[in-house]
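Visitor:
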Amino acid sequence: MLNNKNHIRTYIKKILSEMDELAHKNSSQTIHTRLFLTDYWTESKVIAITVSRGREIETIPIIQKAWSEQKKVLVPKCYPKTNEMEFREITSLHQLEQVYFGLSEPKVQVTNLVLPNQIDLIIVPGVCFDQKGYRIGYGGGYYDRYLEAFRGRTLSLSFRFQLVDEVPREAHDRAVQLIVTEDEVIHCDRND
Numbered sequence: 411m412l413n414n415k416n417h418i419r420t421y422i423k424k425i426l427s428e429m430d431e432l433a434h435k436n437s438s439q440t441i442h443t444r445l446f447l448t449d450y451w452t453e454s455k456v457i458a459i460t461v462s463r464g465r466e467i468e469t470i471p472i473i474q475k476a477w478s479e480q481k482k483v484l485v486p487k488c489y490p491k492t493n494e495m496e497f498r499e500i501t502s503l504h505q506l507e508q509v510y511f512g513l514s515e516p517k518v519q520v521t522n523l524v525l526p527n528q529i530d531l532i533i534v535p536g537v538c539f540d541q542k543g544y545r546i547g548y549g550g551g552y553y554d555r556y557l558e559a560f561r562g563r564t565l566s567l568s569f570r571f572q573l574v575d576e577v578p579r580e581a582h583d584r585a586v587q588l589i590v591t592e593d594e595v596i597h598c599d600r601n602d
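Numbering (this note's numbering), first residue to last: 411 to 602.
This is how it looks when you write it as structure tokens:
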């Protein structure tokens, strides 16, 4: 199973890395527009989201839109030694720092920890997704562990080529409730 996940992850990451800059920008903007029209977005006041890098769907415009709507923005802080993750509120991009693998994370000394029960929506990153909301992430398992006890809403953003027929899954994998692509909004809980 792990071999198959790694193969799919590598294949989709290669396609992502080869994505044309203009297509990337246009597709990201289309996905943003669809996201902003969902109830998940409009009804949420506290949103957790990663800071994108490379050819991932751009998230800085989402963060800025959230601030313009007086939403709280949370960014994950990961602790590789313990495989734990927490979300911290940022009010400025200056509160971020570059850490391992070029990830942007909140500076602990200038941000506040937010507990899971205070979060309305987590925008869950991933490399690829299936219609049931299962995903292949980046291999650390941080989100699957965090989502075990999370009871709020979850969604993922995906380019259409990141959708696959079926993601190999294990007992600890957690599905998201909604996937937003350039073409559609998929209600995963209706696809069981």
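Here a beta-carbon is modelled for each residue, glycine too, at the ideal position from N, C-alpha and C.
Measure the CB-CB distance between V485 and A476 and report whether it falls below 8 Å.
Guide: No, the pair does not count as a contact, with Cβ atoms beyond the cut-off.
Visitor: Out of curiosity, what's the CA-to-CA distance linking T469 and V461?
Guide: Their backbone Cα atoms lie some 6 Å apart in a straight line.
Visitor: Counting pairs of Cβ atoms below 8 Å between the stretch 554-572 and the stretch 442-460, do you hit three or more?
Guide: Taking 8 Å as the limit for Cβ pairs, the verdict is that the stretch 442-460 does touch the stretch 554-572.
Visitor: Starting from the C-beta of Y544, find all residues in its chain whose C-beta is less than 7 Å away, skip the five residues before and the five after it, and write them out in chain order.
Guide: Around Y544: V577, R579, D583 and A585.
Visitor: Check whether the stretch 501-515 and the stretch 529-538 touch, using three or more Cβ-Cβ pairs below 8 Å as the test.
Guide: No, the stretch 501-515 does not touch the stretch 529-538.
Visitor: When we look at the beta-carbon of P490 and count the other beta-carbons within 10 Å, is it buried (16 or more) or exposed?
Guide: Exposed.
Visitor: May I ask you to verify whether the stretch 544-555 touches the stretch 515-526, counting CB pairs closer than 8 Å and requiring at least 3?
Guide: With the cut-off at 8 Å, the stretch 544-555 and the stretch 515-526 do not touch.
Visitor: So, helix, strand or coil for H597, using DSSP?
Guide: Strand, per DSSP.
Visitor: Taking 6 Å as the limit between beta carbons, can you name the residues of its chain near K487, skipping five residues before and five after?
Guide: E496, R498, E515 and P516, listed in sequence order.
Visitor: For S427, is the classification buried or exposed, using 16 other Cβ atoms within 10 angstroms of its Cβ as the cut-off for buried?
Guide: S427 should be labelled exposed.
Visitor: Identify the residues that DSSP records as bridge partners of R545: which are they?
Guide: In the DSSP output, where bridge partners are listed per residue, R545 has F539.
Visitor: Please give the ranges of any alpha helix (DSSP H) in the stretch 438-465, keeping only runs that are unbroken, at least 4 residues long and fully inside the region.
Guide: Counting only runs of 4 or more, we get 449-452.
Visitor: For I472 versus I459, is the C-beta spacing smaller than 8 Å?
Guide: Closer than 8 Å, so yes.
Visitor: Where does the unbroken beta strand (DSSP E) through K482 begin, and where does it stop?
Guide: Looking at the DSSP string, the run of the beta strand (DSSP E) that includes K482 is K482 to Y489.
Visitor: I need the DSSP call for R570, collapsed to helix, strand or coil.
Guide: Helix.
Visitor: Please look up how many angstroms separate the CB atoms of Q572 and I422, rounded, as I've assumed it's under 8 Å.
Guide: Between I422 and Q572 the Cβ distance is about 6 Å, and since that is below 8 Å, they are a contact.
Visitor: Which residue comes first and which comes last in the alpha helix (DSSP H) that contains I500?
Guide: I500 -> not in any alpha helix (DSSP H); beta strand (DSSP E) instead, spanning E494 to I500.
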